[in-house]
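*Asks:*
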Amino acid sequence: MELNFISTLIKHDVNHNLIVERYHKERNLPMLDKSKFLVPEDITMSQFLVIIRNRIKVKPNQLYVERYSREREVPALGRNKFLVPQELTMSQFLYIIRTKMKLRDSQVLVSHSMTMAQAYEQFRADDGYLHITYAAQQVF
39 MELNFISTLI
49 KHDVNHNLIV
59 ERYHKERNLP
69 MLDKSKFLVP
79 EDITMSQFLV
89 IIRNRIKVKP
99 NQLYVERYSR
109 EREVPALGRN
119 KFLVPQELTM
129 SQFLYIIRTK
139 MKLRDSQVLV
149 SHSMTMAQAY
159 EQFRADDGYL
169 HITYAAQQVF
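If you use the working numbering, the sequence shown closes out at 178, no skipped numbers anywhere.
(1) Alpha carbon to alpha carbon, what distance is there between I90 and R128?
(2) What is the DSSP secondary structure of T127, counted as helix, strand or coil?
(3) Do R60 and L70 come within 8 Å of each other at the CB atom, strictly closer than that value?
(4) Per DSSP, what kind of secondary structure is V88 in: helix, strand or coil?
(5) Tell me the DSSP bridge mates of L76?
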């Protein structure tokens, strides 16, 4: 069973044994160094997740980045999960993503330094309008 959003507290009279396993289709994250945990009664699920994240043997200078699972417009990059160096700037990361994308002719990621007038001149549609698609994004 996969849990995405957990906000309940683990509240019981005694400690509980938990077994944590890597999802069987996961290929990017390494295995945990142990899988059995004795969880105190007053620990929240978010605190437990911090413990688990700290036990994953990922290089300390890397961050875990995942493609939004319900994304339907932007093409996949061959894989959905990445380990990214912490020193990488957002513009460098966007450049890497941009170069790996295989966009259709109707899909474009514009330069962040481009003015709206430049974008209009370069990408306006036959109807005379510049069509821009945007979406809300849940991050962090």
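In this text, a Cβ means the ideal position worked out from N, Cα and C, and glycines have one as well. Since the model is a prediction, treat every value here as computed from it, not as a measurement.
*Replies:* Considering the structure as presented:
(1) A small correction: the amino acid at residue 128 is Met; Arg does not occupy that position in the sequence shown. Roughly 26 Å separates the two Cα atoms.
(2) coil
(3) yes
(4) helix
(5) N55
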